[in-house]
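Residue numbers (this note's numbering): 6 to 424.
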């Protein structure tokens, strides 16, 4: 089958890889000059199934108000006359119940675990390297109240058989020795030893090379202008370089998937939530993190990527605005500077932002759309890197008329669109 994949980020490239493995003729279109140059470019670097949770949950509306008032708060909302923003926010609020949180998390954890295992298998089969480490994630609590409140999360980890360790100060320092100098800054942590880290952009670039070796064609510098449907099928895709046709199409354009779906009268509940990162050159390896630390207070991830520290976080709801705001940089610098002073050169850090494609309930949209030959692989939010390989393999199985190895109905676009 001839398949056209729209989007050359980590989601689009992993999709192309598994489709090619299944014997399909695949072409990837992306407007950038290479793979992973937008949302996949400089994310936090975590492959963290243990933290696969919906943003919408009990108590989040109250916490959101507090975050908006914090000096280094993790949340920013820039109100706009955008009905899609407000519709999305209302849908998210409806998911902030204990019942919906439990349901949505139960849909997210299996695909995240499956994705990490699929990534490991891909790495073993191809020898691909991307500054990866398999040294776990440490969720660091600055306040005793935070540590005391992890009971619910621990129960979920137990339910799904996810290994975990509840650590005191000394335990945290044993996992991350550089924290010894700031032991008064935190009270304990929750460590997930099964999590991994790695450079998403580097991975995607190398996987794209493997795709080419398997016959995948890439059309970089090609902008999708229009997706044309006739009744219940997509018939062609218009680009700035002409029309493209295929037997089947995959929408893997991240946040930009939603406007195209609306134009085809098949809206999906995906909205962009901007995230920021800084990439800091390491100046003292002994003072830098070993793996990933999640600073729970500021919702910031601090990750070791080779000779760099990637610091990612914050959630800015401002539509498709890609402007870099210095106040967000200060939040990231505050977190890493407070926990790892001397580990890296903040003055030499590079500043970046990207648009996370978020669903109101948390799980992504993976599977056949309401159009018979259009498939979706989008809406992964902050977990695109974590869920990429698993989502792609599930979709390739669906498109190849094979039974996926996990429950694909939990990710069905039809289920969410009609919810």
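Virtual Cβ for every residue (Gly too), placed ideally from N, Cα, C.
No experiment lies behind these values; they were computed from the predicted model shown.
Note: residue 362 is bridge-paired with 277 in the DSSP secondary-structure output.
In this structure residue 135 touches residue 203 by the C-beta definition: roughly 5 Å separates them, less than 8 Å. Non-local C-beta neighbours of residue 101 in its own chain, meaning closer than 7 Å and more than five positions away in sequence, comprise 61, 62, 63, 65, 66, ordered along the chain. Excluding sequence positions up to five before and after residue 385, its CB lies within less than 6 Å of the CB of 369, 392, all in the same chain and listed in chain order. Apart from sequence neighbours up to five positions away, the residues of its chain that approach residue 36 with a beta-carbon distance below 6 Å are 228, ordered along the chain. If you check the CB distance, residue 287 and residue 314 come in under 8 Å. Between residue 358 and residue 279, the C-beta gap is smaller than 8 Å, which places the two residues in contact. Inside the region 115-183, DSSP marks whole alpha helix (DSSP H) runs of 4 or more residues at positions 149-153, 156-164, 174-180, from first to last along the chain. Nearest C-alpha to residue 133 among 290, 91, 216, 93: 216. Nearest C-alpha to residue 264 among 96, 225, 324: 324. The region 401-412 and the region 140-152 do not touch, with fewer than 3 CB-CB distances between them shorter than 8 Å. Following the DSSP letters along the chain, one finds residue 22 in no beta strand (DSSP E) but inside the alpha helix (DSSP H) bounded by residues 15-26. A straight-line Cα-Cα distance of about 15 Å links residue 306 and residue 184. Annotation note: the region 320-404 contains the following uninterrupted beta strand (DSSP E) runs of length 3 or greater, listed N- to C-terminal: 355-363, 370-373, 379-383. If you check the CB distance, residue 340 and residue 317 do not come in under 8 Å. Within a 10 Å sphere around the beta-carbon of residue 95 sit fewer than 16 other beta-carbons, which makes this residue exposed. Taking 4 residues as the minimum length, the alpha helix (DSSP H) runs contained wholly in the region 237-291 are 262-268, in order along the chain. Rounded to whole angstroms, residue 6 and residue 31 show a C-alpha spacing of 8 Å. Classified as buried, residue 110 has 16 or more neighbouring CB atoms from the shown chains inside 10 Å of its CB. By the criterion of at least three beta-carbon pairs nearer than 8 Å, the region 43-57 is in contact with the region 388-408.
An exposed status is given to residue 406, since fewer than 16 other beta-carbon atoms sit within 10 Å of its beta-carbon. Spanning the alpha carbons of residue 120 and residue 295 requires a straight line of approximately 23 Å. About 6 Å separates the CB atoms of residue 20 and residue 257; that is less than 8 Å, so the two are in contact. Of the residues 366, 221, 416, 320, the one whose Cα lies closest to the Cα of residue 381 is 416.
DSSP places residue 76 in the coil class of the three-state scheme, outside both helix and strand.
Where residue 208 is concerned, the enclosing alpha helix (DSSP H) starts and stops at 205-218. Looking at the backbone, the Cα of residue 330 and that of residue 319 are separated by about 11 Å.
DSSP, reduced to helix, strand and coil, places residue 65 within a helical segment of the structure shown. In the assembly as shown, residue 259 is a buried residue. Its beta-carbon has 16 or more other beta-carbons within 10 Å. Just measuring C-alpha positions, the residue of 138, 395, 39 sitting nearest residue 209 is 39.
In the DSSP assignment, residue 98 falls within the unbroken alpha helix (DSSP H) covering 88-99. Spanning the alpha carbons of residue 125 and residue 206 requires a straight line of approximately 17 Å. The beta-carbon distance between residue 293 and residue 349, rounded to whole angstroms, is 6 Å. This is short enough to meet the 8 Å contact definition.
In the structure shown, residue 6 adopts coil according to DSSP, grouped into three states.
If you ignore the 5 residues before and after residue 28, its C-beta comes within less than 8 Å of the C-beta of 405, all in its own chain and listed in chain order. A check of alpha carbon separations from residue 333 across 73, 59, 57 identifies 73 as the nearest.
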